[in-house]
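Peer 1:
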Amino acid sequence: MCIHQLNLLAASNNLPISNFLGKQHPIEAHHLSSICDIMEKAMVNGDTCIIRCILVVFQVVFKFFFSPQTERNRDIVRRSGLLLWQLLMAPRDQICSEIQKEVCLAISSGLNILYPGEAEINNLLKLVLTEGENRNSGLSQLRDVILTNLAEQLQNNRFGSEDDDHYRLNDELLHYILKIVVRESCVLITKCQTVSKDDFQRLLSTVPAASSCLRYLMAVQNHLLSNTILIKPDENDDSDSSLQGETLKVQELKTSILSLATQILTGCDEVLEMLQQVTTALINSDISDREQRLKGLEQITKATMLGHLLPVLLTSLMHPNLQTLTMADALMPQLVQLVLYTSQTALLLKTQSPVFSELNSSPSCASEQKGKQLPDERMLEEKEEPGFLTGLKIPAPWAAGKTVETVHPVRDNYKFKETVHIPGARCLYLRFDNRCSSQYDYDKLVIYAGPSTNSRKVAEYGGNTLGYGSRSVLGTGWPKDLVKVEGDTVTFSFEMRSGREHNTPDKAMWGFACTVRAQESSEDVSGGLPFLVDLALGLSVLACSMLRILYNGPEITKDEETCQELLRSKLLQRCQWQVEANGVISPALTPSPSPLPLTIDEDREFTYPSDVLVPPVGHYFDLPRIRLPPGIMIKLREISGRARPQFRPSIK
13 MCIHQLNLLA ASNNLPISNF LGKQHPIEAH HLSSICDIME KAMVNGDTCI
63 IRCILVVFQV VFKFFFSPQT ERNRDIVRRS GLLLWQLLMA PRDQICSEIQ
113 KEVCLAISSG LNILYPGEAE INNLLKLVLT EGENRNSGLS QLRDVILTNL
163 AEQLQNNRFG SEDDDHYRLN DELLHYILKI VVRESCVLIT KCQTVSKDDF
213 QRLLSTVPAA SSCLRYLMAV QNHLLSNTIL IKPDENDDSD SSLQGETLKV
263 QELKTSILSL ATQILTGCDE VLEMLQQVTT ALINSDISDR EQRLKGLEQI
313 TKATMLGHLL PVLLTSLMHP NLQTLTMADA LMPQLVQLVL YTSQTALLLK
363 TQSPVFSELN SSPSCASEQK GKQLPDERML EEKEEPGFLT GLKIPAPWAA
413 GKTVETVHPV RDNYKFKETV HIPGARCLYL RFDNRCSSQY DYDKLVIYAG
463 PSTNSRKVAE YGGNTLGYGS RSVLGTGWPK DLVKVEGDTV TFSFEMRSGR
513 EHNTPDKAMW GFACTVRAQE SSEDVSGGLP FLVDLALGLS VLACSMLRIL
563 YNGPEITKDE ETCQELLRSK LLQRCQWQVE ANGVISPALT PSPSPLPLTI
613 DEDREFTYPS DVLVPPVGHY FDLPRIRLPP GIMIKLREIS GRARPQFRPS
663 IK
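Under this note's numbering, the first residue of the sequence shown carries the number 13, and numbering increases by one thereafter.
(1) Quick one: what's got a C-beta closer than 6 Å to Leu-674's C-beta in the same chain, skipping five residues either side?
(2) Label Ala-231 either buried or exposed according to how many other C-beta atoms from any shown protein chain fall within 10 Å of its C-beta, with 16 as the threshold for buried.
(3) Hey, how far is the Cα of Leu-260 from the Cα of Leu-181?
(4) Return the CA-CA distance between Ala-163 and Cys-225, expressed in angstroms with no decimal places.
(5) Quick one: Cα of Asn-135 to Cα of Asn-296, how far?
(6) Please state if the CB of Gly-308 and the CB of Leu-200 are separated by a distance shorter than 8 Å.
(7) Using CA atoms only, rank isn't needed, just tell me which of Lys-138, Tyr-228 and Ala-221 is closest to Tyr-188.
(8) Identify the continuous alpha helix (DSSP H) that holds Glu-132 and give its terminal residues.
(9) Helix, strand or coil: how does DSSP classify Ser-376 here?
(10) Would a C-beta distance cut-off of 8 Å place Gly-475 and Tyr-452 closer than the cut-off?
(11) Please specify which runs of the alpha helix (DSSP H), each continuous and at least 4 residues long, are wholly inside the region 311 to 370, giving them in chain order.
(12) Round the Cβ separation of Leu-95 and Glu-52 to the nearest angstrom and send it over; I've been treating them as touching at under 8 Å.
(13) Using 8 Å as the threshold, is the C-beta distance between Gln-153 and Gln-106 below it?
(14) Quick one: is Pro-332 buried, meaning 16 or more other Cβ sit within 10 Å of its Cβ, or exposed?
(15) Is it true that the CB of Cys-204 sits closer than 8 Å to the CB of Arg-64?
(16) Do Met-558 and Leu-321 come within 8 Å of each other at the CB atom, strictly closer than that value?
(17) Would you grab the beta carbon distance between Ile-47 and Ile-62 for me? Rounded to a whole angstrom, and I think it's under 8 Å.
(18) Please state whether the Cβ-Cβ distance between Glu-196 and Ser-223 is less than 8 Å.
(19) Could you pull out every residue in the same chain whose Cβ sits closer than 7 Å to the Cβ of Val-416, ignoring the five residues on either side in sequence?
(20) How many angstroms separate the CA atom of Met-521 from the CA atom of His-420?
(21) Following the continuous beta strand (DSSP E) through Phe-504, name the residue where it begins and the one where it ends.
(22) Where do the N-terminal and C-terminal ends of the beta strand (DSSP E) with His-433 fall, by residue?
(23) Starting from the Cα of Pro-103, find the closest Cα among Asp-493, Thr-501, Lys-209 and Leu-151 and give me that residue.
(24) Measure the CB-CB distance between Ile-276 and Leu-334 and report whether it falls below 8 Å.
(25) Count the other CB atoms, across all protein chains shown, that sit within 10 Å of the CB of Ser-484; report buried if there are 16 or more and exposed otherwise.
(26) Mapping DSSP to helix, strand and coil, what is Glu-184?
(27) Below 8 Å on the Cβ atoms is my guess for Tyr-353 versus Gln-288; work out the distance and round it to an integer in Å.
(28) In whole angstroms, what is the alpha-carbon distance linking Gln-213 and Val-207?
(29) On the DSSP bridge list, what partners appear for Lys-469?
(30) How far does the alpha helix (DSSP H) with Thr-574 in it extend, from its first residue to its last?
(31) Can you give the Cα-Cα distance for Ser-482 and Asp-455, rounded to whole angstroms?
(32) Is DSSP giving Gly-550 helix, strand or coil here?
(33) Pairing CB atoms from the region 441 to 448 with CB atoms from the region 543 to 557, are three or more of them under 8 Å?
(34) Since I believe Leu-141 is in contact with Ile-192 (beta carbons under 8 Å), could you give me their beta-carbon distance rounded to a whole number of angstroms?
(35) Name the residue from Lys-496, Gly-58, Arg-90 and Thr-292 whose alpha carbon lies nearest to the alpha carbon of Ala-41.
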């Protein structure tokens, strides 16, 4: 199969042969017609070897050597497509799986040639997506090949290209793909309950492996999120047309992300519902390997859309570019439902774990403890329910600390300097390896409480007690207990000043190794939370963030910022407002009886009466007067040049 190997090599864009094949002249129509003649004769004779060879030739010709420009070429293309489709739809007992695979590869290679219009490609994809599982296994295999190729193209063009619209399918096709992914996820989870013990072990050994439909959805999601979050506008081009184009593009991307996120969350809701049902059924069943199935259920869940799509989506939706009121308003109901499903299912799985069982005492002990409790404590105990985080060890990556060490053994003239900084730490705790040693006590390590060797010196260590070199150590020797350093930064400086003696073994020149932590206890660091618990926490954080956006409401506009002082001014309280026919609020032109008091105190917060927007009909009343502070009145008189009126007593 030399041609097949040539086709595989040509599929790589980085090899010289790809450039060579791409520069060849297109094949003439009569040559492709001859290839079709050979294929027809081989199909009549049932010659599988010739059929496979011609299928590989089709792949190479469609990819590099053919361009359907003339009417004759288009007729040959239609003839080729009919032959390929005839092989694809042949009954399974008349065609082997290898030939079916080559047919799918040939159609995928010539997809744009066999189906030149966007409508034709969409019709083909709709057929393979809706009928692939029912009519023929070849259709489902063709679906997988096409979607795999499209996913690879999207990944290669993640940050945008002219072919994005071609690789990204329309919303209708995405909906069909998502339905397939949801069905695959539900079937996979259901197998944890229905398959035999041996089949379940084989199932665990094959996951997580994403299907072609799931891979394509992952590629589309990553493509949209990458272009929305990672790409920054061109700072050099500040023209209005460029800014307007960037704004429109971002808005289109956000609209696409919202549509896709809504569909993904809806699908995850259905999968989580199935997961909860299977978990409950396993807990209530009497299967011999029930514990193993419950443990394996988390691994199986990671292979579904819950593990491949949802975590990336949740993390990306926390980015400021996607924290919008529109996003929060549309996604909040689904997020709340997902939080409920994940937390309930995580609690169901947790109640079956040994850790949780140890935390809860036996029924007899529990009843004795309740009998000893006071009435108030008993009431509190009845109200409290264990959550899915009860008894779990929250991961603390900072607890692992950082290890600082020299080479082992140290060599002549060796120098080492490193600074460790743990933000937010009040003090640092150093634990040294029990193998620390140096040849002489002046081959020493100096520790500084700060970012450089000019900082305060904390301690220095050197030498060994193994009977080599100086046969002594500095001070009390290398520390066996924790060394406490105040602050959040420590600097290590080690220098090998002596030359190695011929009888000094490696263990006497081992150097040092030290672990720096921000807490005193050297507890083991958790490897991570269970998947569903982590998922429930992530959903809760996102839901809280979206709730905050909904609570804050729309962002303040520039006009509102400009008019802040005016809006806070109590001079506006003198105005009487009326509602016009079109709903617009405007000042009343004709004075009317005022529902406001005649005097408004500046030092008190004023609240409008409820009927102030609809002035009552009646006789004229004076508008309310604002009493200004004396200091302001004095300045106003100085500016206006009008003196304060003098009140003289009347002479009778």
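Idealized CB from N, CA, C, for every residue including glycine.
Peer 2: So, from the listed chains and residues:
(1) No information on residue 674 is available, as it lies outside the stretch 13 to 664 that the chain covers here.
(2) Numbered from its first residue, the sequence shown carries residue 231 at position 219. Buried: at least 16 other Cβ atoms inside 10 Å.
(3) Residue numbering aside, residue 260 sits at position 248 when the sequence shown is read from its first letter. Residue numbering aside, residue 181 sits at position 169 when the sequence shown is read from its first letter. Near 20 Å, if we compare the C-alpha coordinates of Leu-181 and Leu-260.
(4) Counting from 1 along the sequence shown, the entry for residue 163 is found at position 151. Counting from 1 along the sequence shown, the entry for residue 225 is found at position 213. Whole-angstrom Cα-Cα distance: 9 Å.
(5) Position 123 of the sequence shown, counted from the start, is the residue given in the question as residue 135. Position 284 of the sequence shown, counted from the start, is the residue given in the question as residue 296. So the two alpha carbons sit approximately 46 Å from each other.
(6) Residue 200 sits at position 188 when you count from the first residue of the sequence shown. Residue 308 sits at position 296 when you count from the first residue of the sequence shown. No, the Cβ-Cβ distance between Leu-200 and Gly-308 is not below 8 Å.
(7) As a working note, residue 188 is residue 176 in the sequence shown. The candidate whose alpha carbon is nearest that of Tyr-188 is Lys-138.
(8) For the purposes of this step, residue 132 is identified with residue 120 of the sequence shown, where counting begins at 1. Where Glu-132 is concerned, the enclosing alpha helix (DSSP H) stretches over 130 to 143.
(9) Counted from its first residue, the sequence shown places residue 376 at position 364. In this prediction, Ser-376 scores a pLDDT of 44, lower than 50, which makes its location untrustworthy; the coordinate-derived value is nonetheless stated afterwards. Helix, per DSSP.
(10) As a position in the sequence shown, residue 475 is number 463, starting the count at 1. As a position in the sequence shown, residue 452 is number 440, starting the count at 1. Yes. Within cutoff.
(11) 317 to 320, 322 to 329 and 337 to 362
(12) Along the sequence shown, one-based indexing puts residue 95 at 83. Along the sequence shown, one-based indexing puts residue 52 at 40. That belief holds up - the Cβ atoms of Leu-95 and Glu-52 are roughly 7 Å apart, short of 8 Å.
(13) Taking the first residue of the sequence shown as 1, we reach residue 153 at position 141. Taking the first residue of the sequence shown as 1, we reach residue 106 at position 94. No, the Cβ-Cβ distance between Gln-153 and Gln-106 is not below 8 Å.
(14) Residue 332 sits at position 320 when you count from the first residue of the sequence shown. Burial call: exposed.
(15) In the sequence shown, the residue the question calls residue 64 occupies position 52. In the sequence shown, the residue the question calls residue 204 occupies position 192. Not a contact, by the Cβ cut-off of 8 Å.
(16) Reading the sequence shown from its first residue, position 309 is the one you call residue 321. Reading the sequence shown from its first residue, position 546 is the one you call residue 558. Not closer than 8 Å, so no.
(17) Taking the sequence shown and counting its residues from 1, the one referred to as residue 47 is at position 35. Taking the sequence shown and counting its residues from 1, the one referred to as residue 62 is at position 50. With a Cβ gap of about 11 Å, Ile-47 and Ile-62 do not count as contacting.
(18) If you number the sequence shown from 1, residue 196 lands on position 184. If you number the sequence shown from 1, residue 223 lands on position 211. Going by C-beta atoms, Glu-196 is nearer than 8 Å to Ser-223.
(19) Position 404 of the sequence shown, counted from the first residue, corresponds to residue 416. Once the five neighbours on either side are set aside, the close Cβ partners of Val-416 are Glu-430, Val-432, Phe-504, Cys-526 and Val-528.
(20) Numbered from 1 along the sequence shown, position 509 holds the residue referred to as residue 521. Numbered from 1 along the sequence shown, position 408 holds the residue referred to as residue 420. When rounded, the distance between both Cα atoms is 8 Å.
(21) By one-based count along the sequence shown, residue 504 stands at place 492. Residues 501 to 507.
(22) Along the sequence shown, read from residue 1 onward, the residue named residue 433 stands at position 421. Note, His-433: beta strand (DSSP E), 427 to 433.
(23) Position 91 of the sequence shown, counted from the start, is the residue given in the question as residue 103. Residue Leu-151 is the option with its Cα nearest to Pro-103.
(24) Taking the first residue of the sequence shown as 1, we reach residue 276 at position 264. Taking the first residue of the sequence shown as 1, we reach residue 334 at position 322. The answer is no: Cβ separation not under 8 Å.
(25) Within the sequence shown, numbered from 1, the residue matching residue 484 stands at position 472. Result: exposed.
(26) For the purposes of this step, residue 184 is taken as residue 172 along the sequence shown, with counting starting at 1. If DSSP states are grouped into helix, strand and coil, Glu-184 belongs with the helices.
(27) Residue 353 sits at position 341 when you count from the first residue of the sequence shown. Residue 288 sits at position 276 when you count from the first residue of the sequence shown. 6 Å between Cβ atoms; contact.
(28) Residue mapping note: residue 213 aligns to position 201 of the sequence shown, counting from 1. Residue mapping note: residue 207 aligns to position 195 of the sequence shown, counting from 1. Cα to Cα, Gln-213 sits roughly 10 Å from Val-207.
(29) Taking the first residue of the sequence shown as position 1, residue 469 is located at position 457. For Lys-469, which the question treats as bridged, DSSP gives the partners Tyr-460.
(30) The sequence position of residue 574 within the sequence shown is 562, counting from 1. Taken as a continuous stretch (DSSP letters only), the alpha helix (DSSP H) holding Thr-574 covers 570 to 574.
(31) Reading the sequence shown from its first residue, position 470 is the one you call residue 482. Reading the sequence shown from its first residue, position 443 is the one you call residue 455. Whole-angstrom Cα-Cα distance: 10 Å.
(32) In the sequence shown, residue 550 corresponds to position 538, counting from 1. The answer is helix: DSSP assigns Gly-550 an H, G or I state.
(33) no
(34) Taking the first residue of the sequence shown as 1, we reach residue 192 at position 180. Taking the first residue of the sequence shown as 1, we reach residue 141 at position 129. Going by Cβ atoms, the distance from Ile-192 to Leu-141 rounds to 7 Å, so yes, they are a contact pair.
(35) Your numbering for residue 41 matches position 29 in the sequence shown. For the residues Lys-496, Gly-58, Arg-90 and Thr-292, the minimum Cα distance to Ala-41 belongs to Arg-90.
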